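Participant: Quick note on numbering: the sequence shown equals residues 5 to 159 in our numbering. Think of the CB as a built atom: it goes at the ideal place given N, C-alpha and C, for glycine as much as any other residue. A quick note: this is a predicted structure, and the numbers were derived from the prediction, not measured.
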Amino acid sequence: MAEVHGAGHGTGGQPRTFVTTARVRYGDTDQGSVAYHANYLLWFEEGRNEMLRELGRPYALVEREDAVLLTVVEANLRYHRPARYDDVLRIETRLVSLRRVRLQLETSIFSEDRQSLLTTGAITLACVDPSGVPVALPQSLRECLARAFEPAGEV
């Protein structure tokens with residue numbers, strides 16, 4: 005199946021931005037009330053899970069009905085400012101590339117309290133069967149993910 009990319013690369017549209025929020029818990033921080041760096045990966049995961057839910061195919065349904073897993077094969081993060089205890093985080097997730105086996109998401113995390121960009125990054129996921137063998141994305145999941153792009157002319 006052909007590759008699908010956002011920003012006019014084969015989809016006829018721009019990537020939609022999916023937004024969710026989270027609050028930095030005390031247990032997410034160090035003694036200085038700064039969020040531990042690995043927690044950002046958990047917030048990236050929360051963003052992509054909520055994106056799938058909003059698109060109508062929660063990840064639990066993908067695992068149960070499609071019998072596939074979406075495994076992280078690459079993660080790139082850039083830390084701009086620290087998240088702090090009790091910050092309300094705005095997590096923005098965009099699907100930017102959809103290929104036969106892989107998809108790539110870009111995520112930005114903002115502090116709503118301090119009106120500042122905290123982290124940006126990209127996650128690449130591969131579709132695998134329960135034994136870990138790479139497989140093509142199921143058609144039902146591809147159709148769901150294709151809705152993550154705005155139709156041409158609508159921005």
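At the level of alpha carbons, what is the spacing between Met55 and Val92?
Facilitator: Approximately 18 Å, taken between the alpha carbons.
Participant: Could you spell out the range, first to last residue, of the beta strand (DSSP E) harbouring Phe153?
Facilitator: Where Phe153 is concerned, there is no enclosing beta strand (DSSP E), given that its DSSP letter is neither H nor E.
Participant: Please confirm if the segment 33-43 is in contact with the segment 55-75, defined as three or more CB-CB distances below 8 Å between the two stretches.
Facilitator: They do not touch, by the three-pair rule.
Participant: Count the other CB atoms, across all protein chains shown, that sit within 10 Å of the CB of Thr75; report buried if there are 16 or more and exposed otherwise.
Facilitator: Counting Cβ neighbours within 10 Å, Thr75 comes out exposed, since fewer than 16 surround it.
Participant: Going along the chain, which residues of its own chain have a beta-carbon closer than 6 Å to the beta-carbon of Glu110, five neighbours each way excluded?
Facilitator: Excluding sequence neighbours, Glu110 sits near Arg98, Val100 and Ala126.
Participant: Hey, could you find the ends of the alpha helix (DSSP H) Asp51 is sitting in?
Facilitator: Per the sequence shown, residue 51 should be read as Gly rather than Asp. Start and end: Asn43 to Glu58.
Participant: In the DSSP assignment, what residue or residues form a beta bridge with Gly125?
Facilitator: Leu81 and Thr111, per the DSSP bridge assignment.
Participant: On a Cα-Cα basis, can you pick out the residue from Asp133, Leu121, Gln119 and Asp70 that is closest to Leu145?
Facilitator: Checking every option, the nearest Cα to that of Leu145 belongs to Asp70.
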